[in-house]
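Reading through the structure tokens given below for one structure.
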Amino acid sequence: MAYREPAAGELNRRVAIRLRTDVPTPDMGLGSEFSTLKPRWAKIVPVGTAVYAEGIQTDVKITHRIEMRLFPGITDAHEVVHVRLEPGGTDLYEVIADTPVYRVKRSADMNGTGRFTLLEVEELGLIQPAGGIYG
6 MAYREPAAGE LNRRVAIRLR TDVPTPDMGL GSEFSTLKPR WAKIVPVGTA VYAEGIQTDV
66 KITHRIEMRL FPGITDAHEV VHVRLEPGGT DLYEVIADTP VYRVKRSADM NGTGRFTLLE
126 VEELGLIQPA GGIYG
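In terms of the numbering used here, the sequence shown is numbered consecutively and its last residue is 140.
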């Protein structure tokens with residue numbers, strides 16, 4: 006199936022890709038470590054009910070599609086988060102609290118042209134301002 010590539014101005018959400026690694030903690034729990042944020046402009050579109058219902062049946066829940074300029078190497082170990090520039094005019098980005106975090110389920114070169122990456126993702130919940138990961 007061929008997808009329409011994003012037009013000028015449709016990549017209107019500032020997001021970042023990060024690699025999540027789960028590590029054991031001293032209290033026999035599980036903690037998460039994240040790689041450096043890789044910021045990108047993206048288009049985020051919720052999927053239709055047919056795609057969502059099919060995902061529920063196959064246990065691969067897809068809630069959104071994210072389109073961005075080509076970014077090879079994204080796997081299901083990556084997450085997508087909303088970001089903004091840190092105050093002070095630096096080139097560093099910070100994750101915005103109370104915004105969704107998305108787990109990547111599939112990644113593909115959109116239409117095989119080498120111009121855009123298409124991610125199929127699952128919305129996990131909101132990033133908590135107190136430092137928690139999911140809502």
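Think of the CB as a built atom: it goes at the ideal place given N, C-alpha and C, for glycine as much as any other residue.
Cut-off 6 angstroms between Cβ atoms - residues of its own chain near residue i, not counting five sequence neighbours on either side
{"i": "Glu15", "result": "Lys48"}
{"i": "Ser40", "result": "Arg23, Leu24"}
{"i": "Glu91", "result": "Leu97, Glu99"}
For residue i: DSSP bridge partner residues
{"i": "Glu125", "result": "Arg70, Arg111"}
Cβ-based neighbour list, residue i, same chain, cut-off 8 angstroms, excluding 5 preceding and 5 following
{"i": "Val88", "result": "Arg19, Val20, Ala21, Leu42, Pro44, Tyr98, Glu99, Val100, Ile101"}
{"i": "Thr104", "result": "Val86, His87, Leu131, Ile132"}
Same chain, Cβ closer than 7 angstroms to residue i, five either side skipped, listed in chain order
{"i": "Tyr142", "result": "Look at the range of the chain in this structure, 6 to 140, and you will see that residue 142 is not part of it."}
{"i": "Glu125", "result": "Ile67, Arg70, Lys110, Arg111"}
{"i": "Val50", "result": "His69, Arg70"}
Beta carbon proximity, residue i to chain C, threshold 9 angstroms
{"i": "Thr63", "result": "The structure shown contains no chain C; it is built from a single protein chain."}
Segment limits, beta strand (DSSP E) that includes residue i
{"i": "Val52", "result": "Segment: none, Val52 is in no beta strand (DSSP E) and carries neither H nor E."}
{"i": "Thr26", "result": "18-29"}
{"i": "Glu38", "result": "35-39"}
Any non-hydrogen atom of the ligand HEM closer than 8 angstroms to residue i Cβ
{"i": "Ile71", "result": "This structure simply doesn't include the ligand HEM, nor any ligand for that matter."}
>> My parser needs the beta strand (DSSP E) runs of 3 or more residues fully inside the segment 77-105; what are they?
In response: The qualifying runs are 83-90, 98-100.
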